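Residues in the sequence shown are numbered from 1368 upward in steps of one, following this note's numbering. C-beta atoms are modelled at their ideal positions from N, C-alpha and C, and glycine is treated no differently. Predicted model, so just to flag it, every value in this text is computed and none were measured. Have a look at the structure below, then the notes.
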Amino acid sequence: MGKADRCRPIVLVFPNYAGKKAFDVDQATFLAMCGYTAVALEERHPEIDSGYDREPHVGLGFLDVWDWHLVPAFHAMNSLRADVGLMRGLVHETLAAARGFGGHPDKAAAIGYCFGGQFALEGVRGGVDLDGVVTFHGLLETVPRLLAAPYVPHVRDDSYEIVEPPANAYNTRCQILLEHGDLDAEVPQSSIDAFREEMGAAGCSWKLHTHGGVDHGFALPPTIISGWHFHERADRRSTLSMLALFEELWPEFPPHLVPRNAANTLLR
């Protein structure tokens, strides 16, 4: 039996704006229980302090966590968004590391939440050897509409110098699945239209699932500070859609039946 016969497909898990936290590790654990080699990533800029509190108490309000959570977390996020080449390099490196630690040499996918969704998609744009990408309320654009200061959706901060993105080298065999809420103001219709045009011109295969009456962050549980808009039905449907895509990509590795995902949503 060769290495490829013993190894399981890799699934990289890219967190939202806050960076890696217990939920992301729990999601990697859920995917491991489903039968995959899953890795929760720490996608932070190497030159930016990321020692802020990742998991403030959920009972605190937006302004309560402004200075010591939102400001540093969004600064760290925007520092990466401004340098797409660095983002793509990190996807390459993390996949190589996962394969070096025993993940499947040929089969891999990535999933991401919000900012993590853009991270996964930059892997597609950068030609990373991924079979599939799934985004949950993921940001879609390479160069962001706005770099917030630190998070005011309609105020641009010009202190972030956007590094010219490298030339795209699309992985056109990668299957892309977007799980999106129709009330998501962070991913407006203009972003979806631009993504459609971009991926159509590149020849990439993608699919969009739009969940009616659902806001940004629907797949993040209410046990974390950014789980304000958790939507159990959308979380269930999007999780099952993700697993269905993985089974389509890797039929020889059908997912194990796990009753609940990382958000504790009942799946079956």
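- Rounded to a whole number of angstroms, what is the C-alpha to C-alpha distance between Arg1627 and Val1491? Start at 1 with the first residue of the sequence shown, and residue 1627 comes out as number 260. Start at 1 with the first residue of the sequence shown, and residue 1491 comes out as number 124. For Arg1627 and Val1491, the distance between alpha carbons rounds to 29 Å.
- Message: Measuring only from the beta carbon, is Gly1493 closer than 7 Å to any heavy atom that is part of the ligand PLP?
- Response: Within the structure as shown, the ligand PLP is missing, as the structure has no ligands at all.
- Query: Is the stretch 1548 to 1567 touching the stretch 1578 to 1597 in the sense that three or more CB pairs, one from each, lie closer than 8 Å?
  - Reply: yes
- Query: Could you give the distance in angstroms between the alpha-carbon of Tyr1480 and the alpha-carbon of Thr1461?
  - Reply: If you number the sequence shown from 1, residue 1480 lands on position 113. If you number the sequence shown from 1, residue 1461 lands on position 94. Answer to the nearest angstrom: the Cα atoms are 17 Å apart.
- Task: Indicate the three-state DSSP secondary structure (helix, strand or coil) for Leu1437 in the structure shown.
- Result: Looking up residue 1437 in the sequence shown gives position 70. Correct three-state label for Leu1437: helix.
- Item | Cβ neighbour criterion (16 or more within 10 Å) applied to Ala1385 | For this step, residue 1385 is matched to residue 18 along the sequence shown. With 16 or more Cβ atoms within 10 Å of its Cβ, Ala1385 is classed as buried.
- Message: Considering only DSSP beta bridges, list what Thr1577 is partnered with.
- Response: Taking the first residue of the sequence shown as 1, we reach residue 1577 at position 210. In the DSSP output, where bridge partners are listed per residue, Thr1577 has His1547.
- the stretch 1482 to 1500 / the stretch 1447 to 1456 touching (three or more Cβ pairs under 8 Å): yes
- Message: So, under 8 Å CB-CB, Phe1441 and Glu1410 are touching, yes? Tell me the CB distance rounded to an integer number of Å.
- Response: Working through the sequence shown from its first residue, we reach residue 1441 at position 74. Working through the sequence shown from its first residue, we reach residue 1410 at position 43. Rounded, the Cβ-Cβ distance is 14 Å, inconsistent with contact.
- Asp1498 to Leu1575 span [Cα, whole Å]: Here the question's residue 1498 lines up with position 131 in the sequence shown. Here the question's residue 1575 lines up with position 208 in the sequence shown. C-alpha separation (whole angstroms): 17 Å.
- Task: With Gly1484 as the anchor, note down where its alpha helix (DSSP H) starts and where it stops.
- Result: The residue labelled residue 1484 in the question sits at position 117 within the sequence shown. Where Gly1484 is concerned, the enclosing alpha helix (DSSP H) stretches over 1482 to 1492.
- Three-state class that DSSP yields for Thr1654 in the structure shown: With the chain covering 1368 to 1635 only, the question about residue 1654 has no answer from this structure.
- Please determine if the stretch 1417 to 1427 and the stretch 1461 to 1475 are in contact, where contact requires at least 3 C-beta pairs separated by less than 8 Å. no
- Task: For Val1625, I'd like the list of residues in its chain whose CB is within less than 8 Å of its CB, leaving aside the five on either flank, ordered along the chain.
- Result: Residue 1625 sits at position 258 when you count from the first residue of the sequence shown. Short of 8 Å from the beta carbon of Val1625, and not among the five residues preceding or following it, lie these beta carbons of its own chain, in chain order: Phe1397, Met1400, Cys1401, Leu1634.
- Hey, which unbroken runs of the beta strand (DSSP E) at 3 residues or more fall wholly within the stretch 1390 to 1429? Fully enclosed beta strand (DSSP E) runs of 3 or longer: 1404 to 1407.
- Task: Excluding the 5 residues preceding and the 5 following Phe1486 in the sequence, name in chain order all residues of the same chain whose CB lies nearer than 7 Å to its CB.
- Result: Position 119 of the sequence shown, counting from 1, holds the residue named residue 1486. So the list reads Phe1381, Glu1410, Met1454, Val1458, Gly1479, once near-sequence residues are dropped.
- Query: Which value, in whole angstroms, describes the spacing of the CA atoms of His1471 and Tyr1537?
  - Reply: The residue labelled residue 1471 in the question sits at position 104 within the sequence shown. The residue labelled residue 1537 in the question sits at position 170 within the sequence shown. Looking at the two C-alpha atoms, the distance is approximately 22 Å.
- Check the DSSP bridge columns for Ile1592 and list the partner residues they point to. Position 225 of the sequence shown, counting from 1, holds the residue named residue 1592. DSSP output for Ile1592 lists no bridge partner at all.
- Own chain residues within Cβ distance below 8 Å of Glu1489, not counting five before or after: In the sequence shown, the residue the question calls residue 1489 occupies position 122. The answer, listed in chain order, is Val1451, Met1454, Arg1455, Val1458, Thr1509.
- Query: In its own chain, which residues sit with a C-beta less than 8 Å from the C-beta of Pro1621, not counting the 5 before and 5 after it?
  - Reply: Within the sequence shown, numbered from 1, the residue matching residue 1621 stands at position 254. Counting only Cβ-Cβ distances below 8 Å, and skipping sequence neighbours, we find Gly1402, Glu1614.
- Item | First and last residue of the uninterrupted alpha helix (DSSP H) at Leu1359 | Given that the chain is displayed from residue 1368 to residue 1635, the structure contains no residue 1359 and the question cannot be resolved.
- Query: beta strand (DSSP E) containing Phe1381: first to last residue?
  - Reply: Position 14 of the sequence shown, counted from the first residue, corresponds to residue 1381. Unbroken beta strand (DSSP E) run through Phe1381: 1377 to 1381.
- Query: On the three-state DSSP scale, how would you describe Ile1559?
  - Reply: The sequence position of residue 1559 within the sequence shown is 192, counting from 1. Here Ile1559 sits in helix by DSSP.
- Per DSSP, which one or two residues make a beta bridge with Ile1478? Looking up residue 1478 in the sequence shown gives position 111. Answer is Val1380, Val1501.
- Message: My output table needs one value for Arg1635: the three-state DSSP class, helix, strand or coil.
- Response: Indexing the sequence shown from 1 puts residue 1635 at position 268. Coil at Arg1635, not helix or strand.
- Buried or exposed: where does Ser1572 fall if 16 or more other Cβ atoms within 10 Å of its Cβ makes it buried? The residue given as residue 1572 occupies position 205 in the sequence shown. Under this definition Ser1572 is an exposed residue.
- Item | Nearest candidate by alpha-carbon position, reference Asp1602, set Glu1619, Thr1590, His1578, Ile1591 | On the sequence shown, position 235 is the one that residue 1602 refers to. With distances taken between CA atoms, Asp1602 lies nearest to His1578 out of Glu1619, Thr1590, His1578, Ile1591.
- For Val1522, does the count of other Cβ atoms within 10 angstroms reach 16, so buried, or fall short, so exposed? Taking the first residue of the sequence shown as position 1, residue 1522 is located at position 155. Unreliable positioning characterises Val1522 in this predicted model, as indicated by a pLDDT of 39, which lies under 50. The coordinate reading is nonetheless provided below. Counting Cβ neighbours within 10 Å, Val1522 comes out exposed, since fewer than 16 surround it.
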